[in-house]
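Residue numbers (the working numbering): 13 to 441.
Put into structure tokens, the structure is as follows:
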């Protein structure tokens, strides 16, 4: 599983969670604590990094990426950057490695040139590291950790090639994307809603594993399904559910998953031979319920030949991780109420109070989106912003053809298994 150094933010959260755990241990409280942490992280991020309103996919991003390419080519002519050592540096560290870090941050535009020279890791360096981490999709620790060092040590020639490749990709989306549209950038594990050329909301996402990739697609979102049931896909029955039942015979019962025969009859789990492929003949359907259903409180329907969609999840902890490539291809969305509120803003009768009411009631109901909202699932590993920042992400599916960029390996991908699969049901806790 992924590990990372303990920060002051993590310490505060652990302290608050420890106090609360002595009094409350319900699943509802655990979910609330996860949401609290995400909100706290968001406040901390906003207080240090100005987030761009430039959409990742837009004519503005394409132009900014072209400008960034020229800057990086010029920088390569000047010698690029040197390799950073493995030292772990943080606020208060001293020595030659801090001088090298200052120079690396200045070269990339993350630190003002006037801050060069000092051998002390001060608040200016901390802020520069945060800016670098923000541009590379890393947790804003402000400390030099292995993931950050690995990102810094990607050769400038590789970054230039990434920019060249992604300019071609962005040009493919240079037409009229719509006045309102949604972008899912798979390598960034990020969702943006865009309106009138600027980002309206931005959400962390969980996307497909390396061996179960989220597809590149273009479609429309026609409706929202509140409090849905979940029918287990055949691939997950074979790969995950059958092996799970061999180890944990009570798994289906604990997760409120019913076995349904072709004639509609409900089959008890103990009547199935789990050491054979008998289970593949049945339908497995999980009851609705935001605290345990794998789709959470809501599914965002998108017609596509791939059978994928977007949804909520009861397992919100993944949104705080750098590595969010955990699903079987579907996309789960952080702060999903804000997302669907934006999607339904032009649907009469679906304001935030109605959305909250349906969440609380558990009512199974569909909300249409007149005309649908265009949605683009894209693969963009480098892009620029109007503010002059240049963002890079790990080529997680190896579509750039440049060989591995090992940031994800440095972060430590979660171990494969049912517990890391966002589209597979989890036990109630």
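Beta carbons are placed, not taken as given, at the ideal position from N, Cα and C, and that holds for glycine.
Suppose contacts are defined by Cβ-Cβ distances below 7 Å. Is residue i in contact with residue j by that definition?
| i | j | result |
| --- | --- | --- |
| residue 72 | residue 106 | no |
| residue 316 | residue 229 | yes |
| residue 204 | residue 214 | yes |
| residue 271 | residue 298 | no |
| residue 308 | residue 333 | no |
| residue 182 | residue 77 | yes |
| residue 345 | residue 217 | yes |
| residue 233 | residue 385 | yes |
| residue 142 | residue 129 | no |
| residue 258 | residue 286 | yes |
| residue 314 | residue 241 | no |
| residue 446 | residue 388 | Residue coverage of the chain in this structure runs from 13 to 441, which leaves residue 446 outside it and unanswerable. |
| residue 311 | residue 237 | yes |
| residue 399 | residue 126 | no |
| residue 197 | residue 322 | no |
| residue 158 | residue 405 | no |
| residue 364 | residue 353 | yes |
Assuming residue i is part of the beta strand (DSSP E), what are its boundary residues?
| i | result |
| --- | --- |
| residue 1 | Limits of the chain in this structure are 13 at one end and 441 at the other, which puts residue 1 out of reach. |
| residue 310 | 310-313 |
| residue 185 | Looking at the DSSP string, residue 185 is not in any beta strand (DSSP E), and its letter there is neither H nor E. |
| residue 205 | 202-207 |
| residue 2 | Outside the modelled stretch of the chain, which goes from 13 to 441, sits residue 2, for which no answer is possible. |
| residue 304 | Looking at the DSSP string, residue 304 is not in any beta strand (DSSP E), and its letter there is neither H nor E. |
| residue 298 | 295-298 |
| residue 214 | 210-220 |
| residue 249 | It is not in any beta strand (DSSP E) - residue 249 carries neither H nor E in the DSSP assignment. |
| residue 339 | 337-339 |
| residue 193 | 192-197 |
| residue 330 | No beta strand (DSSP E) contains residue 330, which DSSP labels as neither H nor E. |
| residue 5 | The structure shown does not extend to residue 5, since the chain spans only 13 to 441, so no value can be given for it. |
Ends of the alpha helix (DSSP H) at residue i?
| i | result |
| --- | --- |
| residue 135 | 135-147 |
| residue 348 | 348-355 |
| residue 160 | 158-164 |
| residue 111 | 108-120 |
| residue 89 | 71-89 |
| residue 258 | 254-259 |
| residue 265 | 263-266 |
Measuring only from the beta carbon, is residue i closer than 6 Å to any heavy atom that is part of the ligand ADP?
| i | result |
| --- | --- |
| residue 217 | In the structure on display, the ligand ADP does not appear, and there are no ligands present to speak of. |
Rounded to whole angstroms, how far is the Cβ of residue i from the Cβ of residue j, which I believe are closer than 8 Å?
| i | j | result |
| --- | --- | --- |
| residue 123 | residue 104 | Going by Cβ atoms, the distance from residue 123 to residue 104 rounds to 17 Å, so no, they are not a contact pair. |
| residue 137 | residue 152 | Between residue 152 and residue 137 the Cβ distance is about 14 Å, and since that is not below 8 Å, they are no contact. |
| residue 161 | residue 108 | Wrong, their Cβ atoms sit about 15 Å apart, outside the cutoff. |
| residue 290 | residue 326 | Actually they do not touch by this definition, with Cβ atoms about 29 Å apart. |
| residue 70 | residue 276 | In fact, because the Cβ distance is near 49 Å, the residues do not count as touching under 8 Å. |
| residue 168 | residue 81 | Not really, about 12 Å apart at Cβ, beyond 8 Å. |
Quick one: does residue i have its CB under 7 Å from some CB of chain C?
| i | result |
| --- | --- |
| residue 320 | Chain labels in this structure do not include chain C; a single protein chain is all it has. |
Three Cβ pairs or more, each shorter than 8 Å: is that satisfied between the segment 384-393 and the segment 166-183? yes
Quick one: any contact between the segment 93-101 and the segment 109-117, if contact means 3 or more CB pairs under 8 Å? yes
Just to confirm the assignment: which complete beta strand (DSSP E) runs, minimum length 3, are found wholly within the segment 379-415? 394-396, 402-404
The segment 379-388 in contact with the segment 145-160 per 3-pair CB rule at 8 Å: no
Should the segment 398-412 be regarded as contacting the segment 248-263, the criterion being three or more beta carbon pairs within less than 8 Å? no
For the structure I just gave you, are there three or more beta carbon pairs, one from the segment 328-337 and one from the segment 217-226, closer than 8 Å? yes
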